[in-house]
Amino acid sequence: MNGHTPPSRSPDRHRELSLKSGILGDSEKIIQLLETIEQVAPTDITVLISGESGTGKELVARAIHHLSRRQEQPLVTVNCGAIPEGIIESELFGHEKGSFTGAVNSRRGYFEQAHHGSIFLDEIGDLPLTTQVKLLRVLESREFMRVGGTTVLQVDVRLIAATHKDLEQEVRKGHFRDDLFFRLNAVRIHVPSLRERPEDIPLLVRKFADDFCRDNHIEFDGLTESGLNRLRHYHWPGNIRELKNIVEKMIVLERGRRLDDRLVEKYLNEPAAAGKNLPMTVHLSKEEMEREFLFRLLLEIKSEIAQLRELMVAQTRPSYHLNPWREDQTIDYFETTEEESGGKKAERKSVADMEKEMIRAALVRTGGNKRKAAQLLGLSERTLYRKIERYAIK
Ligand SMILES: Nc1ncnc2c1ncn2[C@@H]1O[C@H](COP(=O)(O)OP(=O)(O)OP(=O)(O)O)[C@@H](O)[C@H]1O
Ligand SMILES: [Mg+2]
54 MNGHTPPSRS PDRHRELSLK SGILGDSEKI IQLLETIEQV APTDITVLIS
104 GESGTGKELV ARAIHHLSRR QEQPLVTVNC GAIPEGIIES ELFGHEKGSF
154 TGAVNSRRGY FEQAHHGSIF LDEIGDLPLT TQVKLLRVLE SREFMRVGGT
204 TVLQVDVRLI AATHKDLEQE VRKGHFRDDL FFRLNAVRIH VPSLRERPED
254 IPLLVRKFAD DFCRDNHIEF DGLTESGLNR LRHYHWPGNI RELKNIVEKM
304 IVLERGRRLD DRLVEKYLNE PAAAGKNLPM TVHLSKEEME REFLFRLLLE
354 IKSEIAQLRE LMVAQTRPSY HLNPWREDQT IDYFETTEEE SGGKKAERKS
404 VADMEKEMIR AALVRTGGNK RKAAQLLGLS ERTLYRKIER YAIK
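Those letters in the sequence shown? Residues 54 to 447, per my numbering, in order.
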């Protein structure tokens, strides 16, 4: 490297980078991460960001763009897991009018929209194999054609990709093309999990609590040393996203009072109500912990589903009585009497309502993590996104 020594480490520079990027932490791992971002950002090199869910991969991608010479140009973010397979190519590369049923107008794809800027392909491991071939061609030639088009378009785009999957393993399984993987893997940035850097927890808790209390005009008495310690020793399967959710939840539900380890314990997912009889496990690998977390959540969801099912059965029991107010005097099989619903006239639920509630419950359980919610519900992530949109779930 031209005999240059790397710029000396300065706490001020780290603080500034941290502030600019929103990536908080003063652990050695975060300092290294910030330094790598600073090194790669000004170049056009392709970056592949890996890391568990909720570790901050999207923040890293944004930081790379905003510290690059393309910062004034667009950053186009695409969640590859959320786009239905049938339209992914037209979304990425655009299409010409009439190229398929429903293509009433021509459309610029995300690559064209990102011209001179950056494109962030999130969850790149979910890209179908046929689209992977096309993406590789774009990366190699910087050229592509719209779906149904005949003109070759040139594009100047910097690619940033992210995945929570183990792409090497996906390559071995034949789910991801090795040529694309090698191309993407030019620079790999691995975002460490929160359990690998528990020393950052106090700083993060303070920041999340301060922001939340300021925005919501809440007084919060903080955590005791034992409360903070409990957070340091939790395994954080949902990483920073989970920490943020838990801090906000504790502040609201405990009405801002001072939190010790006993209060904190109530909010951690470890002793989940349904799973608390399971033996506590220690010394697990990351994958095992993730599996165990999902298993515990599954148990909880199963019990919620059972309750919902009971509710549904109670509410759809036919009552065969004539409704005297109806002119046509038809039998309304689904009218529930006050008596039957225990004095209260419960709201009747359709299958769609039940589905909506199950999706909502799964999202709450997973702290809003759609991928984990999809796993719990046994749906693909794409299907879950479609349903969330259909039912307008916030
Ligand atoms: N180092 C950090 N400092 C402050 N906030 C962070 C940090 N890392 C992540 N966050 C916050 O945690 C949440 C999750 O981050 P982000 O969406 O970037 O994670 P992700 O790795 O992309 O997750 P997923 O794989 O589920 O998409 C966001 O609210 C983000 O602002
Ligand atoms: Mg993300």
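Where is the CB? At the ideal position from N, CA and C, for every residue including glycine. Quantities reported herein were computed from a predicted structural model and do not represent experimental measurements.
In angstroms with no decimal places, state the Cα-to-Cα distance between Ala-326 and Tyr-320. Note that Ala-326 has pLDDT 40, beneath the 50 cutoff, so the model's placement of it is unreliable and the number below is only indicative. Rounded to whole angstroms, Ala-326 to Tyr-320 spans 11 Å at the Cα level.
Exposed or buried, what is Thr-203 when buried is set at 16 or more other beta-carbons lying within 10 Å of its beta-carbon? Exposed, by the Cβ-count rule.
Please state the DSSP three-state secondary structure of Ser-194. helix
Could you compute how far the alpha carbon of Ala-215 sits from the alpha carbon of Lys-226? Spanning the alpha carbons of Ala-215 and Lys-226 requires a straight line of approximately 19 Å.
Just the C-alpha distance for His-228 and Leu-70, rounded to the nearest angstrom, thanks. When the Cα atoms are used, His-228 and Leu-70 turn out to be separated by approximately 36 Å.
If you reduce the DSSP assignment to three classes, tell me which class Asp-232 lands in. Three-state result, Asp-232: helix.
I want to know whether the segment 285-292 touches the segment 102-118 - three or more CB-CB distances under 8 Å. yes
Given this structure, state the Cα-to-Cα distance separating Gln-185 from Asp-175, to the nearest angstrom. Looking at the two C-alpha atoms, the distance is approximately 14 Å.
I'd like to know if the segment 121-138 and the segment 271-278 are in contact, where contact means that at least 3 CB-CB pairs between them fall below 8 Å. no
Beta carbon nearer than 7 Å to a non-hydrogen atom of ligand 2: That gives Lys-110, Glu-111, Asp-175 and Ala-215.
For ligand 1, any of its heavy atoms closer than 7 Å to the Cβ of Asp-178? Note that residue 178 is Gly in the sequence shown here, rather than Asp. Between ligand 1 and Gly-178, a heavy atom-to-CB distance of less than 7 Å is absent.
Between the Cα of His-148 and those of Gln-124, Val-200 and Pro-137, spot the shortest distance and give me the residue it belongs to. Val-200
Would you say the beta carbon of Gly-78 is closer than 7 Å to some non-hydrogen atom of ligand 1? yes
If you draw a straight line from the C-alpha of Met-333 to the C-alpha of Arg-236, how long is it? Legend: pLDDT at Met-333 = 42, less than 50; position of this residue unreliable, value from coordinates given subsequently. Spanning the two alpha carbons is a distance of roughly 42 Å.
Could you check the C-alpha separation between Arg-195 and Gly-309 for me, to the nearest Å? 54 Å
Proximity winner among Glu-138, His-217, Ser-246 and Leu-145, relative to Val-208 (alpha-carbon distances): When only C-alpha atoms are compared, the closest one is Leu-145.
Do Arg-211 and Arg-123 count as a contact pair if the criterion is CB distance below 8 Å? Cβ atoms of Arg-123 and Arg-211: closer than 8 Å.
Compute the minimum distance between the beta carbon of Lys-297 and the heavy atoms of ligand 1, and state whether it is under 7 Å. yes
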